Each structure stands twice: as structure tokens, then as C-alpha cells.
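Number 8 in the UniProt record's numbering belongs to position 8 of the sequence shown; there are no gaps in the numbering.
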Amino acid sequence: MDHSQLPEPYAYLARLADGEPTLAQAEALTRALENVPALQRWLKAERGRVVTELRHTHSRDEIAQRINCKPQRVSDIVQGHTRQPGPRRTVRPDS
1 MDHSQLPEPY AYLARLADGE PTLAQAEALT RALENVPALQ RWLKAERGRV
51 VTELRHTHSR DEIAQRINCK PQRVSDIVQG HTRQPGPRRT VRPDS
């Protein structure tokens, strides 16, 4: 994967791989990789907080359309349920 393929929110991480390979680069990339689970926990918690607040002013369908999932998944997020390992079943079929 080249730098241009990084998802937009993480494109800044590409600078960790810029230039000639160094031990410092290897270390920085390793630390970033080790912290992916912590990042996922934080992102899920923040998404849950935001979706919960949005439910006061937006329908499940409206939220689901924006975050590319089924309305039931919006309810699950609000209730704090997490996906089980395995194939993702909450993506709209037309996506």
C-alpha cells in the first residue's frame, strides 16, 4: 500500500515512512501499529457517544445512511453492543 492509499483520517501517518529507512522509522511504525487496538477502542467509544447524541435529533434511518449501516446497527451502537468476529452483516446491500 502506498501513501496515497491511506484513509484520509490517517494520511498523516505516511510521514512515518517518508525518506530512507531508519531504525527510528521502524520504531515509530511499530509503536503506531501496537496502538491500533487502543485507537479502535477510542474510535468506537466516541462514535457511540456521537451516535447516541444524534439520536435525539435524527432518525435511525438517517444516521444509518450516513454511516453506511443498517438502522438496527445504529441501535446496537447506541446500546453499546459490538460486532462479533466474522463477516460484516450490517452494510447496506447496495454499498
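Just so you know, even glycine gets a beta-carbon here, dropped at the ideal spot from N, CA and C.
What you are looking at is a predicted structure, and each value in this text was computed from that prediction instead of being measured.
_Just to confirm before moving on: does the CB-CB distance between Val78 and Arg55 stay below 9 angstroms?_
yes
*May I have the straight-line CA-CA distance separating Leu29 from Leu16, to the nearest angstrom?*
6 angstroms
*asked:* Less than 9 angstroms between the beta carbons of Pro71 and Arg60, yes or no?
replied: In this structure, Arg60 lies closer than 9 angstroms to Pro71 by Cβ.
*Close beta carbons around Ser75, own chain, < 8 angstroms, minus the five adjacent residues each side*: Arg60
*Cα separation between Pro7 and Ala14?*
10 angstroms
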